[in-house]
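This report refers to the structure that appears directly beneath it.
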Amino acid sequence: VAQWGCEAVFVSPLTRALHTACLAFEEQPIPMVVLPELTESWPERSQNTGRTKQMILDDPELMRLKRFSTLTWENMSLDGPWWEVCNRVVRRLMN
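Read in the numbering used here, the sequence shown has 87 at position 86, and its numbers run on one by one without any break.
What follows is the structure in structure tokens.
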């Protein structure tokens with residue numbers, strides 16, 4: 002990963018994306034920013050259903066990851082069903 006020369010990582014707040022990013026960039030001292038806009042366009046599929054910011058922050062599995070505590074959440078102001086809001090916007094843009 003170091004050879005890619007990344008200056009920042011932007012990651013979806015979906016659990017699997019957070020988990021992958023935290024592991025992949027574990028040793029890289031670069032900003033990792035959570036962006037709710039980076040989500041799937043099919044929220045009806047269970048793997049694409051989000052959780053509130055507080056539920057994510059309280060997840061014991063994610064809390065064990067070294068980089069999880071360094072994530073930037075300032076763009077994650079929606080504490081409700083952000084995944085539904087973002088998916089409506091994405092679908093409008095796609096049509």
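Ideal Cβ placement from N, Cα and C applies to all residues, glycine included.
In three-state terms, what does DSSP make of residue i?
{"i": "Thr53", "result": "coil"}
{"i": "Met77", "result": "coil"}
{"i": "Phe69", "result": "helix"}
Given residue i, which residues of its chain have a CB within under 6 Å of its CB, disregarding the five upstream and five downstream residues?
{"i": "Glu27", "result": "Lys67 and Arg68"}
{"i": "Ser13", "result": "Leu39 and Thr40"}
{"i": "Leu72", "result": "Met33 and Val35"}
Have a look at residue i and residue j and give me their C-alpha separation to the nearest angstrom.
{"i": "Leu24", "j": "Arg65", "result": "11 Å"}
{"i": "Ala9", "j": "Arg17", "result": "19 Å"}
{"i": "Leu77", "j": "Glu38", "result": "It is Met, not Leu, that sits at residue 77 in the sequence shown. In a straight line, the C-alpha of Met77 is about 9 Å away from that of Glu38."}
{"i": "Trp74", "j": "Gly51", "result": "15 Å"}
{"i": "Leu36", "j": "Ser70", "result": "16 Å"}
{"i": "His1", "j": "Gln4", "result": "No answer is possible for residue 1: it lies beyond the span of the chain, which begins at 2 and ends at 96."}
{"i": "Leu58", "j": "Leu15", "result": "12 Å"}
{"i": "Asp60", "j": "Trp83", "result": "17 Å"}
Please list, in chain order, all residues of the same chain as residue i whose beta carbon is under 8 Å from its beta carbon, the five residues on each side excluded.
{"i": "Cys7", "result": "Phe26, Gln29 and Ile31"}
Out of the options, which one is the CA nearest neighbour of residue i?
{"i": "Val2", "options": "Ala22, Leu58, Glu38 and Glu75", "result": "Ala22"}
Excluding the five sequence neighbours on either side, which residues of its own chain have a C-beta within less than 7 Å of the C-beta of residue i, listed in chain order?
{"i": "Phe11", "result": "Val34, Leu36 and Leu39"}
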